[in-house]
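See below for the structure under consideration.
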Amino acid sequence: MTEVQLQEFKLEPDSELRFEVESKNEKVVLEVKSGYAELFGTELVKGKPYEFHTGAKVAVFTWHGCTVELRGRTEVSYIAKETPMVVYLNVHAALEQQRVAAEQENTRGPVTMVVGPGDVGKSTLTRILLNYAVRMGRRPIFVDLDVGQGHISVPGTIGALLVERPASIEEGFSQQAPLVYHFGHKSPGDNLELYNTIVSRLAEVIAERCENNKKASTSGVIINTCGWVKGAGYKVLTHAAQAFEVDVILVLDNERLYNELKRDMPKFVKVVYLPKSGGVVERSSAQRAEARDARIREYFYGKRTPYYPHSFDVKFSDLKIYKVGAPSLPDSCMPLGMRAEDALTKLVSVWPAPALAHRLLAVSFAAGPDDHVLHCNLAGFVCVTAVDPERQTLTILSPQPRPLPATVLLLSELQYMDNH
Ligand code: ADP
1 MTEVQLQEFK LEPDSELRFE VESKNEKVVL EVKSGYAELF GTELVKGKPY
51 EFHTGAKVAV FTWHGCTVEL RGRTEVSYIA KETPMVVYLN VHAALEQQRV
101 AAEQENTRGP VTMVVGPGDV GKSTLTRILL NYAVRMGRRP IFVDLDVGQG
151 HISVPGTIGA LLVERPASIE EGFSQQAPLV YHFGHKSPGD NLELYNTIVS
201 RLAEVIAERC ENNKKASTSG VIINTCGWVK GAGYKVLTHA AQAFEVDVIL
251 VLDNERLYNE LKRDMPKFVK VVYLPKSGGV VERSSAQRAE ARDARIREYF
301 YGKRTPYYPH SFDVKFSDLK IYKVGAPSLP DSCMPLGMRA EDALTKLVSV
351 WPAPALAHRL LAVSFAAGPD DHVLHCNLAG FVCVTAVDPE RQTLTILSPQ
401 PRPLPATVLL LSELQYMDNH
């Protein structure tokens, strides 16, 4: 059901306009005509047109009232008066108090982890809290542990960013110098040992960086997590909480998870239950796959600002490709002193073959396969667009021109069909 092409909305204070762009190749332009409004914590500039494309699910919130215009076909568009924004603002105010205290006492600012099942608005709340912090002049660190969506870099990675300005309405947070670690799968469950290893490593590196950056340290960290909260997924969350030494856990819309965390976390960790917004839209697995694909396309081709990636051939013999995780053997078959789980973080050499077509390869900063590869962050990604077994070459799509740096490449399970 599509609606009219030009719509004007009058929003009262403390309400939001929600809309979705669904149809293929559709574009909706949003403009604030009068008053003040924000989008997931970023202020909108009056009279400036903002574009939204297929798959966008958006809320324009106003504290003081405003008039907004939408041009283009929206799947749905309505004004909601019930939102949890006041509750989220109170959370921000409480975090801000802790930052002030950290500044005065020369200690660390609040480390906050956002948890909850899939599609409850974890990423959105993370974005709102980061935006509010940076609008107060803070420099918080954004950590994304959600390997399924990958808001920093591409899906199949975890990463961190120092947030120095609010997220751009159309392009999200600026991706300058992110810290990114390779996982290579869409769910932590595909290799728990590896996931926990890189989460610990990321936490360690952030703690080190905070020691040298007082502003970031007092501003604190906000961590977005995966929507897998039961069984082994719960253990993954508690491991991350421990690794990052979190002070606050915000639980969205899941009382069971809230109670479990209250029971299992040390007393000094504040576990807070928060309602989810009625506007959060559930996504089907097909929509998630599309979002992953769009994220990878953006990585290579940009979003609003276009990028121009390079395509070139590389000889099989010039490549050092590895995957992480050897098949695990029972403990009784392992050499003395090694655990079966150790195999899951081993590098295994991969010889180029047609099966590599469309796979992503992570370009590691590691100098060689013996250089603690899993502890090294990533320079970026390339995608194998074709394999020619006769000429023994791979065709590579790369953000950088040739040659490919002569370092370790890590094979990801994620695929991308380049039909740009
Ligand atoms: P999670 O991280 O828990 O999976 P997200 O924060 O990604 O959930 O939210 C799911 C979807 O809902 C996203 O597309 C987001 O843009 C949309 N969304 C979040 N909050 C609102 C809202 N208040 N109104 C409309 N859409 C929203």
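Using the UniProt record's numbering, you'd call the opening residue of the sequence shown number 1 and step up by one each time.
Each residue gets a CB set at the ideal place from its N, CA and C atoms; glycine is no exception.
Around Glu20, the same chain offers Lys57, Glu75 and Val76 as residues with beta carbons nearer than 6 angstroms, after the five sequence neighbours per side are excluded. In the three-state reduction of the DSSP assignment, Lys323 falls in the strand class.
For Asp370, the number of other beta carbons within 10 angstroms of its own is below 16, and it is reported as exposed. Here Gly72 is buried. Its C-beta has 16 or more other C-beta atoms within 10 Å.
A distance criterion of 6 angstroms places the beta-carbon of Ala59 in contact range of ligand 1, judged by its closest non-hydrogen atom.
Three or more Cβ pairs closer than 8 angstroms define a contact, and the stretch 13-33 falls short of that threshold against the stretch 87-103. In the DSSP assignment, Leu161 is bridged to Phe142. When distances are taken from the beta-carbon of Lys215 to the heavy atoms of ligand 1, even the shortest one reaches 6 angstroms or more. With 16 or more other Cβ atoms from the protein chains shown falling within 10 Å of its own Cβ, Met85 counts as buried. Comparing C-alpha distances from Ser219 to each of Pro13, Glu170, Thr112 and Val229 shows the shortest one belongs to Thr112. Collapsing the DSSP output to three states places His182 in a strand. Look at the beta carbons and you see the stretch 146-163 not touching the stretch 247-256: under three pairs across the two are nearer than 8 angstroms. Of Glu105, Lys48 and Val114, the smallest CA-CA separation from Thr225 is found for Val114. Leu409 is a Cβ neighbour of Leu361, given a cutoff of 7 angstroms.
The beta carbons of Gly65 and Glu12 sit closer together than 7 angstroms. Counting only the Cα atoms, Tyr416 lies some 7 angstroms from Ile296.
Look at the stretch 112-136 and you find these whole runs of alpha helix (DSSP H), each 4 residues long or longer: 122-135.
Distances taken from the Cβ of Gly148 to the heavy atoms of ligand 1 include none shorter than 6 angstroms. Burial is judged here by how many other beta carbons sit within 10 angstroms of a residue's own beta carbon; Ala353 has fewer than 16 and is exposed.
Taking the Cβ of Asp253 as the reference point, every heavy atom of ligand 1 lies at 6 angstroms or farther away. For Asp293, the enclosing alpha helix (DSSP H) stretches over residues Ser285 to Tyr301. Contact between Leu39 and Ile158 is absent: CB atoms are separated by about 26 angstroms, not below the 8 angstroms threshold.
Relative to the non-hydrogen atoms of ligand 1, the Cβ of Gly109 never comes closer than 6 angstroms to any of them.
The criterion of a C-beta distance shorter than 7 angstroms is not satisfied by Ala243 and Ser187.
The shortest C-alpha to C-alpha distance from Ala59 to any of Gly47, Tyr78 and His53 is the one to Tyr78. The three-state secondary structure of Ser200, taken from DSSP, is helix. For Lys323, the shortest C-beta to heavy atom distance toward ligand 1 is 6 angstroms or greater. If you draw a straight line from the Cα of Tyr181 to the Cα of Val269, it is about 27 angstroms long.
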